[in-house]
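Below: the structure, in structure tokens.
Chains as they are written, first to last, in the working numbering: chain L, 3 to 639; chain P, 3 to 79.
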């Protein structure tokens, strides 16, 4: 029996209502660890050729890792995967909360859904009992409302995933919601769930997970909790959570503002972490076994209504706040709530709304097309667009497939300011003077997402030749020197292996990244749980293997995939930042190619960004290498 | 006066050769910002500082014999 794992995979054929349980292959656990690794391996092995991301043949995966559900800090992560409707390539997204542990306690490390239910349904997993129940009464209902209803009907012991109207209507940036405010937000995973007619998944697990050394785990768990709580960052970081970085991101000129027209906004203090504590917060909210509750549950009062909401976190603040010029934290929180209830990813939604508003300003979208005048800084405009998108009504039909597709359809130069990579909207850091972070966005395997690698600090350190006090954007008129473009790839790659490592283990990275809980601890925790020794270096090697595999999935699935798919939008290459600390800077197309050349060479990819056979073989992916000649990337588009 | 400075991993991973703990002797009062520059940390890399466990602005003056923490860049959720 595999220690640390439930040891089984649950497969549900929704079309034929057939349920199969299979053993988790030991080799899969050894070579891919769990979570994101299981997602990547399963997508490569099982996606049918040319599958429509929103068709019944796409697969929907939920997977935990060996540390998920254990008595360890923040061990509540669940990873989801599919062929992404946003990009057409590899897609994964994760959330905290309690779902993954519950799935493990029910006896499953991973769940794979195929086919499509005949009617809107709820998938219910209660230990050995798995059933598909009608959900007609829930269809059309919001994500949060659906979870409330199901909890009332089924009991608080069930951990529930829901989608909102956006998922039902297959919006390309529909998310999955859990625990009244935790989202697997990215890649359109909620649309895939909706395309399968699955409104909700409810899990109740009462079993246990075999552990190699329970006594040692108890001791190591206690030690880990003491260690985390003793970190100075515990008292400094936890009160505001991720929103606490808002001022800093503005100070260094990385805050997306007005659809990424600029990177600094002098109103940032109105929507920062302190504003949340002052105007919104009722209580902290944490995930499974988390000692550092970074979620902020509060009440937002606006002219459009009063709502209870978890958040906003930093990404939401930047995309629905500064990027839409909403300068009131209660209004940002209200837009956050609307997204949550409709089942929309707040990051993509913020980018799409700001693009639409800019199109209106430029006369590319008319009042008639949109249904009303819209403007930056206006909550009603944003909420109107969100409602249209989620229901695919009016202009929502154009916007619901994401900013890339919308811009391609609209044309007239709007592609230049559609801020995405590979079709996934850009998250909360403006990078025209952050070449490392730009490269991280460009090469992120799911599209423009910050969670794969985050090297903004290294960019800043590289911006100054000597240690000096850059009191930027504080009234002095000083600005940052241009950051060096060369030599960025190695650090990005290092980060792309380290950060997703936590996604393999099934544990939240914030304990390490934000609080400094030493990464070496995870070697010991992995051994105590699984009984197997794996050094940090070996774990990072697995993470690298997964990276090569996710790139291979996209290269196989996307016709013409290659270097051009890694390019940032024209605005970030051509338009120098107009003001703020990075005034005058941008990263030219030539510099973008320098970044990619260095990166591809270090990755062992060809000049078009496709993994070479020898690279894959050296990573233990000989089976993947054998298929290269059949990949869609070789097709002409 | 003696100041004990704790430097977060998020800063040490960016600025080479910085120890986790730095003890400095000062003859005059300093702000957090001045202290950071003195020990080789670009203030722009500091997201926030703490003096004796309390979050402070970088322009705040440090009391004698205080313990200072510098926290670096972090990503959002």
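The C-beta atom is built at its ideal place from N, Cα and C for all residues, glycine as well.
Check your understanding: Residue range of the beta strand (DSSP E) that residue 199 (chain L) falls in?
Key -> Unbroken run through residue 199 (chain L): none, as it is neither H nor E.
Exercise for review: Would you tell me roughly how many angstroms separate the C-alpha atoms of residue 550 (chain L) and residue 606 (chain L), rounded to the nearest one?
Suggested key: 9 Å
Exercise for review: Using the Cα positions of residue 456 (chain L) and residue 16 (chain L), report the straight-line distance between them to the nearest angstrom.
Suggested key: 38 Å
Review point. Which residue comes first and which comes last in the alpha helix (DSSP H) that contains residue 545 (chain L)?
Key: Taken as a continuous stretch (DSSP letters only), the alpha helix (DSSP H) holding residue 545 (chain L) covers 538 to 559.
Practice item. Using a cut-off of 7 Å between C-beta atoms, extract the partners of residue 452 (chain L) located in chain P. Key: 77
**Study point:** residue 4 (chain L): contacting residues in chain P (beta-carbon distance under 7 Å)
**Key:** None at all; the shortest Cβ gap to chain P is about 31 Å.
Exercise for review: Please confirm if residue 21 (chain P) has its CB atom under 8 Å from at least one CB of chain L.
Suggested key: Chain L, which has no Cβ nearer than 8 Å to the Cβ of residue 21 (chain P), makes this no.
Check your understanding: Tell me which same chain residues have a C-beta within less than 7 Å of the C-beta of residue 615 (chain L), skipping the five on either side of it?
Key -> 627, 630
**Study point:** alpha helix (DSSP H) runs contained entirely in the region 293 to 358 of chain L, provided each spans 4 or more residues
**Key:** 331 to 344
Point to revise | Close Cβ partners of residue 45 (chain P) (< 7 Å) along its chain, the five nearest in sequence each way excluded | key: 35, 38, 39, 60
Point to revise | Cβ neighbour criterion (16 or more within 10 Å) applied to residue 314 (chain L) | key: It is buried - the Cβ of residue 314 (chain L) has at least 16 other Cβ atoms within 10 Å.
Check your understanding: In chain P, what lies closer than 7 Å to residue 250 (chain L) by C-beta?
Key -> Result: 49.
Review point. Listing by chain order, which chain L residues have their CB less than 7 Å from the CB of residue 57 (chain P)?
Key: 238
Review point. Quick one: which chain L residues come within Cβ less than 8 Å of residue 10 (chain P)?
Key: 234, 235, 518
Review point. Given 8 Å as the limit, is there contact between the region 64 to 80 of chain L and the region 403 to 415 of chain L, that is, 3 or more CB pairs closer than that?
Key: no
Exercise for review: Label residue 120 (chain L) either buried or exposed according to how many other C-beta atoms from any shown protein chain fall within 10 Å of its C-beta, with 16 as the threshold for buried.
Suggested key: Exposed.
Exercise for review: Would you check if there are 3 or more beta carbon pairs closer than 8 Å linking the region 37 to 47 of chain L to the region 501 to 518 of chain L?
Suggested key: yes
Practice item. Please name the residue or residues paired with residue 15 (chain L) in a DSSP beta bridge. Key: L:20, L:116
**Study point:** beta strand (DSSP E) runs contained entirely in the region 77 to 116 of chain L, provided each spans 3 or more residues
**Key:** 80 to 85, 92 to 97, 112 to 116
**Study point:** is_contact[residue 463 (chain L), chain P] using C-beta, thresh 8 Å
**Key:** yes
**Study point:** Member of L:288, L:404, L:214, L:492 whose CA lies at the smallest distance from the CA of residue 438 (chain L)
**Key:** L:492
Exercise for review: Under 9 Å between beta-carbons, which chain L residues line up against residue 64 (chain P)? List them in chain order, please.
Suggested key: In chain order: nothing, as chain L lies at least about 15 Å away.
Review point. Helix, strand or coil: which one does DSSP assign to residue 160 (chain L)?
Key: coil
Check your understanding: So the beta strand (DSSP E) residue 57 (chain P) belongs to, where does it begin and stop?
Key -> 56 to 58
Check your understanding: Nearest to residue 632 (chain L) by CA position, among L:561, L:152, L:250, is which residue?
Key -> L:561
Check your understanding: Whose C-beta lies closer than 6 Å to the C-beta of residue 31 (chain P) among residues of the same chain, with five residues either side of it excluded?
Key -> 63
Check your understanding: Is residue 3 (chain L) helix, strand or coil when you go by DSSP?
Key -> coil
Review point. In three-state DSSP terms, what is residue 284 (chain L)?
Key: strand
**Study point:** Short Cβ contact (8 Å threshold) for residue 3 (chain L) with residue 216 (chain L)
**Key:** no
Check your understanding: Quick one: complete beta strand (DSSP E) runs, 3+ long, within the region 21 to 65 of chain L?
Key -> 62 to 65
Point to revise | Coarse secondary structure for residue 632 (chain L), derived from DSSP in three states | key: helix
Point to revise | Three-way DSSP call (helix, strand, coil) for residue 185 (chain L) in this model | key: strand
Exercise for review: Identify the continuous beta strand (DSSP E) that holds residue 51 (chain P) and give its terminal residues.
Suggested key: 50 to 53
Review point. Roughly how many whole angstroms lie between the Cα atoms of residue 241 (chain L) and residue 139 (chain L)?
Key: 39 Å
Exercise for review: For residue 71 (chain P), name the three-state secondary structure that DSSP assigns.
Suggested key: Correct three-state label for residue 71 (chain P): strand.
Review point. Ordered along the chain, which non-local residues of its own chain (more than five positions away) have a Cβ less than 6 Å from that of residue 223 (chain L)?
Key: 73, 74
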